[in-house]
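Below: one structure, written as structure tokens.
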Amino acid sequence: MDTTQLLKGVLDLAVLAVLRDEDGYGYDILRRLRASGLQEVGDASVYGTLRRLYANGFLNTYVVPSDEGPHRKYYALNAAGRAELDRNGKTWRAFASIMDDLTRERGTA
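The sequence shown begins at 1 in UniProt numbering and counts up by one.
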């Protein structure tokens, strides 16, 4: 199965989940997604997702000066983003449970 197609449907949820406990800048968020096992996630996909989540009111941003290059734009989950994460997390868990049931090998009778 092509995991890149699966990622398209759940990248918003994955980004919100990564930001649940700690704010992050674009590359940091990408690194955390890959470290969690989503190695196939693309740079452009993550940056586009961050822009969309921000435009939809789920993230706040702030800029942190850097001594080693350009300032970094950090993304933070806000109350609307936490509510979206909760809603979509419940939907994902229900869907994953159904798929687990459907695909689980059953003993032969």
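Ideal Cβ positions, reconstructed from N, Cα and C, are used throughout, including at glycine. All figures in this text were calculated on a predicted structure; none of them were measured in a lab.
Item                                                                                                                                : Value
Can you have a look at L53 and say buried or exposed, based on whether 16 or more other CB atoms are within 10 angstroms of its CB? : buried
What are the residues that DSSP puts in a beta bridge with N60?                                                                     : A76
Could you give the distance in angstroms between the alpha-carbon of L13 and the alpha-carbon of L19?                               : 10 Å
Expressed to the nearest angstrom, what Euclidean distance is found between the alpha-carbon atoms of F95 and V10?                  : 12 Å
What is the DSSP secondary structure of G89, reduced to helix, strand or coil?                                                      : helix
Between the Cα of R72 and those of L7, G24, S97, spot the shortest distance and give me the residue it belongs to.                  : G24
Starting from Q39, follow the alpha helix (DSSP H) in both directions and report where the run begins and ends.                     : Here Q39 belongs to no alpha helix (DSSP H), and DSSP marks it neither H nor E.
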